[in-house]
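Trainee: Residue numbers (my numbering): 13 to 164.
Glycine included, C-beta positions come from ideal geometry on N, C-alpha and C.
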């Protein structure tokens, strides 16, 4: 299970949980709070949503952990719909099950910076090497073509 945690400053962190590490999250619903020691922080994380292995989103107002076809108005699970339009779409319930692939959470504190998260920055000059310029050839002279004479 991928656990995506965002903090109050807008920074996010993704951590992959093994089966044994994900057991405390199984059975929790969207909106529930869990201990942040799963991720390695002190405090609480609030579950805000997620999706299963095929990309079906969780929806807070659908109870259970099963996949269901629900009549939706624009919001979670239905984007780009005109006002007043409703559509029957497949969504997953609000309970975390073993079929979940990604779980989104909000951390109540600030995620501390670590050296592992920052990619190695290289100087811009070294990473952008210009290809060797080819010598420009003199433009070829255009030969004038005589217009064809029309037969009368």
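(1) Pull up the distance between the alpha-carbon of residue 72 and that of residue 42, whole angstroms please.
(2) What does a CB cutoff of less than 8 Å around residue 75 pick up in its chain, not counting 5 residues either side in sequence?
(3) Reducing DSSP to helix, strand and coil, say where residue 57 ends up.
(4) Using 10 angstroms around the beta-carbon of residue 83, count the other beta-carbons present and answer buried if the total reaches 16, otherwise exposed.
(5) Alpha carbon to alpha carbon, how far is residue 81 from residue 24? Give it in angstroms, no decimals.
(6) Report buried or exposed for residue 116, applying the criterion of at least 16 other Cβ atoms within 10 angstroms of its Cβ.
(7) Measuring only the C-alpha atoms, how far is residue 99 from residue 90?
(8) Among 85, 60, 94, whose alpha-carbon lies nearest the alpha-carbon of residue 44?
(9) Can you tell me whether residue 83 is helix, strand or coil according to DSSP?
(10) Only counting the same chain, and skipping five residues up and downstream in sequence, which positions put a Cβ closer than 8 Å to that of residue 38?
(11) Thinking C-beta only, is residue 15 closer than 7 Å to residue 29?
Mentor: Per the coordinate set shown:
(1) Going from the Cα of residue 72 to the Cα of residue 42 covers about 6 Å.
(2) Excluding residues within five positions, the ones whose Cβ falls inside 8 Å are 105, 106, 107.
(3) In the structure shown, residue 57 sits in a strand (DSSP, three-state: E or B).
(4) Counting Cβ neighbours within 10 Å, residue 83 comes out exposed, since fewer than 16 surround it.
(5) Taking the straight line joining both Cα atoms gives about 31 Å.
(6) Counting Cβ neighbours within 10 Å, residue 116 comes out buried, since at least 16 surround it.
(7) The straight-line gap from Cα to Cα measures roughly 8 Å.
(8) For the residues 85, 60, 94, the minimum Cα distance to residue 44 belongs to 60.
(9) In the structure shown, residue 83 sits in a strand (DSSP, three-state: E or B).
(10) The answer, listed in chain order, is 108, 109, 110.
(11) Yes; because the gap between Cβ atoms is below 7 Å, this pair is in contact.
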